[in-house]
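*Asks:* Have a look at this one.
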Amino acid sequence: MMNHSRRHPLLHPATQPLIAVLALGPLIWLFSAAALNQLGANPAEALLRATGLWTLRFLCVVLLITPLRWWTGRAEWARLRRMLGLYTFFYAVLHGLAYAWLDMGFELDAISRDLSKRPFALVGFACLVLLLPLAATSFNRAIKMLGAARWRRLHQLIYLIAPLAMLHFFWVRASKHRWGEVLVYGAILGGLLGVRAWRAWRARRTHRA
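The number in this note's numbering is simply the position in the sequence shown, starting from 1, with 67 added.
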């Protein structure tokens with residue numbers, strides 16, 4: 068019989084509900100601040116900025132899961148990756164809706180013109196589109212339908228989405244001269260992707276040897 072007193076914390080039944088509460092915390096705060104008129108002089112810009120920033124933060128957390136699994140030797144970390152990936156997509160959708168509604172008034176012609184004129188908006192839209200198939204296949208049934216190998220190849224789109232998201236963030240923040248944020252998140256994403264590249268290089272070198 069399993070000794071539940073020694074169960075790893077990541078396997079505890081309360082882990083996923085706790086993560087859900089923490090993940091929805093920023094959204095609850097935004098709704099509360101909006102209701103209390105505490106989003107500053109430009110609430111629309113504050114909502115757009117906050118949802119985009121939380122999308123980027125969740126993306127960083129998702130990319131951190133695999134290195135944590137390597138460093139700790141605990142496969143249990145992988146159980147959280149798909150859940151956190153869905154929250155990344157959730158905040159990306161909120162960011163896209165904030166743009167389409169608060170910036171563009173849901174005017175499709177205006178959105179189309181804006182995407183063609185402003186590269187940072189087009190790149191952000193591309194990230195959202197690329198996240199869609201990942202979110203749609205973040206379930207066990209999708210893995211069975213696609214097969215594990217094809218599912219893994221599909222989810223490697225994250226390595227394209229991450230630099231595109233950083234490019235989008237760079238263009239948005241550079242226009243406001245907020246270089247500190249760009250450097251911090253650029254270093255985090257660069258480090259998380261660099262760890263993977265280094266590990267893949269070592270694996271190829273070992274295989275050739």
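Backbone N, C-alpha and C define an ideal beta-carbon position, used for all residues, glycine too. Computed from a predicted structure; not experimentally measured.
(1) Please report the straight-line C-alpha distance between H274 and G119, rounded to a whole angstrom.
(2) Going along the chain, which residues of its own chain have a beta-carbon closer than 6 Å to the beta-carbon of S72, five neighbours each way excluded?
(3) Let's test the definition: count the other Cβ atoms within 10 Å of the Cβ of A117 and tell me whether it reaches 16, buried, or not, exposed.
(4) Quick check: the Cα distance between A209 and E248, rounded to an integer number of angstroms?
(5) Tell me the residue span of the alpha helix (DSSP H) that contains T139.
(6) In its own chain, which residues sit with a C-beta less than 7 Å from the C-beta of A125, not counting the 5 before and 5 after it?
(7) H235 and F187: beta carbons closer than 7 Å?
(8) Take every Cβ of the segment 191 to 201, pair it with every Cβ of the segment 218 to 229, and state whether three or more of those distances are shorter than 8 Å.
(9) So for T155, helix, strand or coil by DSSP?
(10) At the level of alpha carbons, what is the spacing between N207 and A108?
(11) If you measure between the beta carbons of L189 and L182, is that distance less than 7 Å?
*Replies:* By the coordinates alone:
(1) Locating residue 274 in the sequence shown gives position 207, where the first residue counts as 1. Locating residue 119 in the sequence shown gives position 52, where the first residue counts as 1. Rounded to the nearest angstrom, the two C-alpha atoms are 41 Å apart.
(2) Sequence index remark: in the sequence shown, residue 72 carries index 5 (1-based). With a pLDDT of only 47 at S72, under the threshold of 50, the placement of this residue in the model should not be trusted, and no figure is reported.
(3) Within the sequence shown, residue 117 is the residue found at index 50, counting from 1. With 16 or more Cβ atoms within 10 Å of its Cβ, A117 is classed as buried.
(4) On the sequence shown, position 142 is the one that residue 209 refers to. On the sequence shown, position 181 is the one that residue 248 refers to. Going from the Cα of A209 to the Cα of E248 covers about 36 Å.
(5) By 1-based counting over the sequence shown, the position of residue 139 is 72. Element bounds for T139: P110 to T139.
(6) For the purposes of this step, residue 125 is taken as residue 58 along the sequence shown, with counting starting at 1. It is worth fixing the name first, because residue 125 is Phe in this sequence and not Ala. Cβ within range, chain order: L151, Y154, T155 and Y158.
(7) Residue numbering aside, residue 235 sits at position 168 when the sequence shown is read from its first letter. Residue numbering aside, residue 187 sits at position 120 when the sequence shown is read from its first letter. Their beta carbons are under 7 Å apart, which means H235 touches F187 by this criterion.
(8) yes
(9) Here the question's residue 155 lines up with position 88 in the sequence shown. When DSSP states are grouped into helix, strand and coil, T155 belongs to the helix group.
(10) By one-based count along the sequence shown, residue 207 stands at place 140. By one-based count along the sequence shown, residue 108 stands at place 41. C-alpha separation (whole angstroms): 45 Å.
(11) Here residue 189 is taken as the residue at index 122 of the sequence shown, counted from 1. Here residue 182 is taken as the residue at index 115 of the sequence shown, counted from 1. The answer is yes: Cβ separation under 7 Å.
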